[in-house]
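**Q**
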Amino acid sequence: MDLDASGNDSVVTEFVLLGLTKTPALRPILFVIFLLAYVATVGGNFSILAAILAEPKLHTPMYFFLGNLSLLDVGCISVTVPAMLGHFMSNNRSILYRSCLSQLFFFHLLAGVDCFLLTVMAYDRYLAICQPLTYSTRMSWGIQRALAGMSCVFSFTNALTQTVAVSTLKFCGPNVINHFYCDLPQLFQLSCSSIQLNEQLLFVAAAFMGVAPLVLITVSYGHVAAAVLRIRSAEGRKKAFSTCGSHLTVVGIFYGTGVFSYMRLGSVEASDKDKGIGILNTVISPMLNPVIYSLRNPDVQGALRRVFTGRQPPT
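Residue numbers (full-length UniProt numbering): 1 to 315.
#1: Which full runs of the alpha helix (DSSP H) of 4+ residues lie inside the stretch 205-256, going along the chain?
#2: Thinking just about the alpha-carbon of each residue, which of 34, 118, 60 and 298 is nearest to the one in residue 72?
#3: How should residue 214 be labelled, buried or exposed, when 16 other C-beta atoms within 10 angstroms of its C-beta is the threshold for buried?
#4: In angstroms, rounded to a whole number, what distance separates the CA positions of residue 42 and residue 285?
#5: For residue 235, count the other beta carbons within 10 Å of its own beta carbon; 16 or more makes it buried, fewer makes it exposed. Which is it?
#6: In this structure, how does DSSP classify residue 31 when only helix, strand and coil are distinguished?
#7: How about the stretch 177-184 and the stretch 13-29: do they share at least three Cβ pairs that are nearer than 8 Å?
#8: Quick check: residue 171 and residue 191, are their CB atoms within less than 8 Å of each other?
#9: Going by C-alpha distance, which of 38, 97 and 45 is nearest residue 81?
#10: Taking one C-beta from the stretch 53-72 and one from the stretch 93-107 each time, how about it: are there three or more such pairs within less than 8 Å?
#11: Using the C-alpha atoms, what's the distance from residue 196 back to residue 79?
#12: In angstroms, rounded to a whole number, what distance separates the CA positions of residue 140 and residue 247?
#13: Suppose only complete runs of 4+ residues qualify. What are the alpha helix (DSSP H) ranges in the stretch 115-201, listed by chain order?
#14: Using 8 Å as the threshold, is the stretch 251-259 in touch with the stretch 275-290, meaning 3 or more CB pairs across them?
#15: If I follow the unbroken alpha helix (DSSP H) through residue 66, where does it start and stop?
#16: Would you mind working out which of 76, 217 and 58 sits nearest residue 103, comparing C-alpha positions?
#17: Verify whether the separation of the beta carbon atoms of residue 120 and residue 167 is less than 8 Å.
#18: Tell me where the alpha helix (DSSP H) around residue 304 begins and ends.
#19: Where does the unbroken beta strand (DSSP E) through residue 58 begin, and where does it stop?
#20: Thinking just about the alpha-carbon of each residue, which of 95, 31, 58 and 36 is nearest to the one in residue 300?
#21: Would DSSP call residue 18 helix, strand or coil?
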C-alpha cells in the first residue's frame, strides 16, 4: 500500500485495481479477448462514422446523432480497456490517485453525453414520425448542433462536479479496488470520511441524467407507438418500427447496466457481478452498437459496402 504520512494521518496516493482475475494463466487469454473486442469496437464505430460521412443519403439528423454516438463509444471503451490491457501484461496493477480521478471524470463525461444523445435521438424519432410536416424546421442543422452542445455542457458539469466531490474525500487505506477501472461506488467504499454529500450529488445526477431522460424517451416512444399503430399499411408499420427498434435496444442495454451499477450503493461488498456489469457497460455495449444500428438498416449496410469497396454513392 502506497501511503503518504501527513501528521497522524495516512493518505492514499495510489490504488490497486484487482482486475478481472487473480489467476496469472488467464491473463494472456483475457488480453487477447479484450484486445480483439477493443479493435472490433473501434473499427466498427469508425466504419459507421465513415459510412455516414460518405453517404449523402445519411446526412440527416438521426445519423448525425448516431455518428456522435459512435465517437462516444470509441471514447468510452478507450477510457477503460487500454489500461486494463496494460495490467494484464504487467504484475503492477496500481493506478495513481490522479489517474484514477481522471479515468472517473472522462468515463462520466462520455457516458453522460451518451445518455443525453439517446434522449435526443428519441425526440428526433418522435418529430420524424409524429410531426413530419415541421420536422425540417424543428430539427434544423442549428438545432442539431445546439442539442449536441447542450448534451456536452450538461455532462461536463456533472462529471466535473462528481470528480471534485470525490477529490475532497479522504482515503486512509485500504486502497484495493475490486474492479478493473475507477468508479464512484468502489471509491465510496474505500473512503474513510463521510460520503453523504457525494451520495446526494449522485442522487441528483441520477434524477437529472437518468430518470428524467428515461421518462422523456418513454413518452416519446409512447407517442411514436400510437402514431405507428394508426398506419394502415403493414409494410409502413414495419418500416416505422424498424427505425426505432435499434435505438430502443441500445437504450435498454445502456439504462439497464446503469441502474444496476449505481442503484446498489448500500452494498458494502463489491462482487464479481459488478465487474460483469462493468464489462457489459464499457466493452460489450460499445462493441454491439454498430451491429445493432446496421443489422436492420439497408441504408447503413449499403453505405458500409460502398466504403469498403471504394464505390461512389449513386447520384
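The C-beta atom is built at its ideal place from N, Cα and C for all residues, glycine as well.
**A** In this structure, then:
#1: 212-229
#2: 118
#3: buried
#4: 12 Å
#5: exposed
#6: helix
#7: yes
#8: yes
#9: 38
#10: no
#11: 27 Å
#12: 21 Å
#13: 135-138, 141-167 and 184-190
#14: yes
#15: 61-88
#16: 76
#17: no
#18: 298-309
#19: Where residue 58 is concerned, there is no enclosing beta strand (DSSP E), given that its DSSP letter is neither H nor E.
#20: 58
#21: coil
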